[in-house]
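Participant: After the structure tokens below, expect a handful of questions from me.
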Amino acid sequence: MLNKDFFTRYSRHFLLHDIGIDGQKKLLETKVLIIGVGGLGSPVALYLSAAGIGTIGLVEFDTVDISNLQRQVLYDSACLDEKKSLIAKEKLLKLNPTINIIAYDVPLDKDNAEEIISKYDYVVDATDNFYVRYLISDTCEKLEKPYVYGSVFEFEGQVSVFCTKEGFTYRDLFPNETSEVKELGILDKGILGTTPGVIGCIQATEVIKLVLNIGENLIGKLLIYDALEMDFQKVSLKKKKLDKIREVKKVLKSELKVESINLYELERLPKDEKNKFLILNIDKNKFLDKEICIDSIDILVSELGENISKLLDYKNKIILIASSSTDLSLLIAKGLLEKGLKVKQIIFNN
532 MLNKDFFTRY SRHFLLHDIG IDGQKKLLET KVLIIGVGGL GSPVALYLSA
582 AGIGTIGLVE FDTVDISNLQ RQVLYDSACL DEKKSLIAKE KLLKLNPTIN
632 IIAYDVPLDK DNAEEIISKY DYVVDATDNF YVRYLISDTC EKLEKPYVYG
682 SVFEFEGQVS VFCTKEGFTY RDLFPNETSE VKELGILDKG ILGTTPGVIG
732 CIQATEVIKL VLNIGENLIG KLLIYDALEM DFQKVSLKKK KLDKIREVKK
782 VLKSELKVES INLYELERLP KDEKNKFLIL NIDKNKFLDK EICIDSIDIL
832 VSELGENISK LLDYKNKIIL IASSSTDLSL LIAKGLLEKG LKVKQIIFNN
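Numbering-wise (our numbering), the sequence shown opens with residue 532 and increments by one.
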């Protein structure tokens, strides 16, 4: 391990009193799991690989889409439709072939979370899914694994360190899934491409500080970044004052409530009632094969912005948003409600 490549590759670390040779050896002995290799996970993975974290696990089951390239800097146009986990592993090993990269081409779920997370010393939450965040928090708390949380929203981002002996958990910040989804709305929204870069770099820095036990970590603190104001705020997490934190964070500034209706109800509506609705079919759901006899319009989410004028012609109808993604439905509902349209969300079960 202590060869010419080692001394040359990490020479700038050796010049830092808080790292040095011993610190670099500790980084190489450390195992870090990155859950989500998208906008946040890309810079985290790049910088931790470059820093010489010895073993890095990548949990990511998605494929590369051209819309990812605006912010997910691990990928390029030649990677379209390829598995993100495998592309990321290949690129990171080119950056630093002396480390070990393990790709998990699976979604993290309740059946595999403990098995995967238990193999690592630290975890990075770089996901964009509320329910996976709770799963990470609960599993890391049970296994006593510190993890660095990060999230982005439009021009803003936040970072904290959870599940340490002195710190908090994600559930302390958001006591349950329902309250958070209502408070934050959804995750799948517009994002300035540089924002996850900033937040991801901070997450990577926090991991390195945790490993080396240097500096002041974000344990028990929430760092809030506002790109438009170029402002950083650091809020101390106190369980008695979490309501105040929510007021401070612009990320948490709106509550979205959308009425829903399920397919069973739709199918059994009288014909004159069905005439009150228009189905907005976002991702080509097969449920239309059920012949529920309601007018519909197909608009892919990537084309929604340029076709919004079409929907404004239906202000006399209630627009039923049909998408397999609840988060995406909520996002679209918010936008349509702001345009003065009447909206309901279709639920795909009884």
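Glycine included, C-beta positions come from ideal geometry on N, C-alpha and C.
Look up Q764 in the DSSP assignment and say whether it is helix, strand or coil.
Facilitator: Looking at Q764 - three-state DSSP - the assignment turns out to be strand.
Participant: Is DSSP giving G588 helix, strand or coil here?
Facilitator: In the structure shown, G588 sits in a strand (DSSP, three-state: E or B).
Participant: I need the boundaries of the alpha helix (DSSP H) containing L577, first residue and last residue.
Facilitator: Note, L577: alpha helix (DSSP H), 572-582.
Participant: Any idea what DSSP makes of I828, helix, strand or coil?
Facilitator: Residue state, collapsed to three classes: strand.
Participant: Based on Cα-Cα distance, which residue from D803, I830, G583, L867 lies nearest to L624?
Facilitator: It is G583.
Participant: What does E687 pair with, by DSSP beta-bridge criteria?
Facilitator: E687 pairs with F684, D757.
Participant: Verify whether the separation of the beta carbon atoms of T561 and V690 is less than 7 Å.
Facilitator: No; because the gap between Cβ atoms is not below 7 Å, this pair is not in contact.
Participant: Tell me whether S854 sits in a helix, a strand or coil according to DSSP, three-state version.
Facilitator: Of the three classes helix, strand and coil, the one that applies to S854 here is coil, per DSSP.
Participant: Between S785 and N806, what straight-line distance do the alpha-carbon atoms span, to the nearest angstrom?
Facilitator: Model confidence at S785 stands at a pLDDT of 47, short of 50, so the residue's coordinates are unreliable and nothing is read from them.
Participant: Between the segment 560-575 and the segment 725-734, do at least 3 Cβ pairs fall closer than 8 Å?
Facilitator: Output reads yes: the segment 725-734 touches the segment 560-575.
Participant: Cα separation between S860 and A853?
Facilitator: Answer to the nearest angstrom: the Cα atoms are 7 Å apart.
Participant: Do the CB positions of I697 and T670 come within less than 7 Å of each other?
Facilitator: The identity of residue 697 in the sequence shown is Glu, whereas the question assumes Ile. No, the Cβ-Cβ distance between E697 and T670 is not below 7 Å.
Participant: Across the segment 564-571 and the segment 583-594, are there enough close Cβ pairs to call them in contact, namely three or more that are closer than 8 Å?
Facilitator: Contact holds: three or more Cβ-Cβ distances are below 8 Å.
Participant: Quick check on T670: does DSSP put it in helix, strand or coil?
Facilitator: Three-state DSSP puts T670 in a helix.
Participant: Output the distance between the C-alpha atoms of D536 and E837, rounded to the nearest integer angstrom.
Facilitator: Going from the Cα of D536 to the Cα of E837 covers about 52 Å.
Participant: Measuring alpha carbon to alpha carbon, tell me which of Y578, R540, Q555 ends up nearest Q734.
Facilitator: The residue with the shortest Cα to Cα distance from Q734 is Y578.
Participant: So what does N812 bridge to, in DSSP terms?
Facilitator: Answer by DSSP bridge pairing, in chain order: D829, A853.
Participant: Among all the DSSP beta bridges, which residues are the ones paired with S616?
Facilitator: None, per the DSSP bridge assignment.
Participant: In the structure shown, what three-state DSSP assignment does I776 receive?
Facilitator: With a pLDDT of only 49 at I776, under 50, the local geometry of the prediction cannot be trusted, and the value read off the model is given with reservation. Three-state DSSP puts I776 in a helix.
Participant: Note down the Cα distance separating E711 from D703, rounded to an integer number of angstroms.
Facilitator: Because E711 sits at a pLDDT of 45, beneath the cut-off of 50, its placement in the model cannot be relied upon, and the following sentence gives the value as read from the coordinates. Whole-angstrom Cα-Cα distance: 11 Å.
Participant: Using a 10 Å radius around the Cβ and a threshold of 16 neighbouring Cβ atoms, would you call A634 buried or exposed?
Facilitator: Its Cβ being crowded by 16 or more others within 10 Å, A634 is buried.
Participant: Indicate whether D656 and I667 have their beta-carbon atoms separated by less than 7 Å.
Facilitator: Taking 7 Å as the Cβ cut-off, D656 and I667 qualify as a contacting pair.
Participant: Pairs of beta-carbons, one from the segment 591-609 and one from the segment 670-680, closer than 8 Å: are there three or more?
Facilitator: The segment 591-609 is not in contact with the segment 670-680.
Participant: Sort out for me which residues DSSP pairs D499 with in a bridge.
Facilitator: There is no way to answer for residue 499, as the model of the chain reaches only from 532 to 881.
Participant: For V663 versus E737, is the C-beta spacing smaller than 7 Å?
Facilitator: Contact: no.
Participant: Nearest to K769 by CA position, among L759, Y541, K752, E760, is which residue?
Facilitator: Nearest C-alpha to K769: K752.
Participant: Looking only at DSSP bridge pairs, what is T594 linked to?
Facilitator: K614, per the DSSP bridge assignment.
Participant: Given this structure, state the Cα-to-Cα distance separating E747 from D757, to the nearest angstrom.
Facilitator: C-alpha separation (whole angstroms): 21 Å.
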